[in-house]
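Trainee: Read in order, the letters of the sequence shown are residues 491 to 707 in our numbering. For glycine and all other residues, C-beta sits at the position ideal for the given N, C-alpha and C. These numbers were taken from a predicted model, which means no experiment stands behind them.
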Amino acid sequence: MHTLVVVAHPDPDSLTQHVARKLVHAANSASAGHTAELGDLVAEGFDPRFTNQDRAAYLASANYPPDVVVEQTRIERAQHLVLVFPVWWWSMPALLKGWIDRVFSNGWAFGHAVGPDDADVEDSGGLEGLTIHLVPIASGNEAGYDRHGYDSALRTQLEHGLSDYCGARRGIAEYIWRSETTPADELRSRIEEIAGLLNAAVGERQTEADSSVLAER
491 MHTLVVVAHP DPDSLTQHVA RKLVHAANSA SAGHTAELGD LVAEGFDPRF TNQDRAAYLA
551 SANYPPDVVV EQTRIERAQH LVLVFPVWWW SMPALLKGWI DRVFSNGWAF GHAVGPDDAD
611 VEDSGGLEGL TIHLVPIASG NEAGYDRHGY DSALRTQLEH GLSDYCGARR GIAEYIWRSE
671 TTPADELRSR IEEIAGLLNA AVGERQTEAD SSVLAER
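In structure tokens form, the structure reads like this:
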């Protein structure tokens, strides 16, 4: 099993970046056969702007831009995708949103075409072999997010709007709350907990895959 951890934060010393690196390290140390890599969108200079070339690719009248193909190829190598991001204005950073807009494109992540009589024909689900995990870093608390519907809105956008629509599995969705005020030792414990939950989810998926192979023999 291979895991791609994608992070979107401009500060390499931020908690968000630390969490992403920790998850990669924990995955690589978990067990034989489990590997992980980090996709740092800031350090790699990914351009989140959706251009006319992206639009043409969406309409199936042009190839995907080269930088999009690089990202799609990286996702295709993975069975697990982990999105690690700070919650800014109750959503993900624009960089990560632009990455999703451009990379999860028509014809690759999902199918969409115009049918007879100009009727829309949707064939969602191009990423059946992928599990998408969410690790949002929030300065607020869980009670506030529940009270105002921020958590359900974020989950609807990413779990239903991204994972479900593209045919991927929903993985873990684990927040780090009160990121700016929680004591360091509590943060360390929470990060270790999330790393353990992620590794357990990956291990469970590996067991399912192994069982499926044996059943086909």
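Whose CA, out of Ala-522, Ser-521, Ala-498, lies closest to the CA of Arg-511?
Mentor: Nearest of Ala-522, Ser-521, Ala-498 to Arg-511, Cα basis: Ala-498.
Trainee: To the nearest angstrom, how far is it from the Cα of Asp-537 to the Cα of Pro-583?
Mentor: Going from the Cα of Asp-537 to the Cα of Pro-583 covers about 13 Å.
Trainee: If you measure between the beta carbons of Ala-568 and Leu-617, is that distance less than 8 Å?
Mentor: No, Cβ-Cβ distance for Ala-568 and Leu-617 is not below 8 Å.
Trainee: Is Thr-672 helix, strand or coil by DSSP?
Mentor: In this structure, Thr-672 counts as coil in the three-state DSSP scheme.
Trainee: Check each candidate in Asn-518, His-638, Trp-579, Ala-550 and name the one with the smallest Cα separation from Val-495.
Mentor: The option with the nearest alpha carbon to Val-495 is Asn-518.
Trainee: Where Leu-644 and Leu-531 are concerned, what is the direct C-alpha to C-alpha distance, given to the nearest angstrom?
Mentor: Going from the Cα of Leu-644 to the Cα of Leu-531 covers about 20 Å.
Trainee: I think Arg-660 touches Ile-622, with their Cβ atoms under 8 Å apart; what is that distance to the nearest whole Å?
Mentor: That belief holds up - the Cβ atoms of Arg-660 and Ile-622 are roughly 7 Å apart, short of 8 Å.
Trainee: Short of 6 Å in beta carbon distance, which residues of its chain neighbour Gln-696, apart from the five on each side in sequence? Order them along the chain.
Mentor: Met-491.
Trainee: Report the rounded CA-to-CA distance for Arg-545 versus Ser-642, giving the unit in angstroms.
Mentor: If you take the alpha carbons of Arg-545 and Ser-642, they lie about 30 Å apart.
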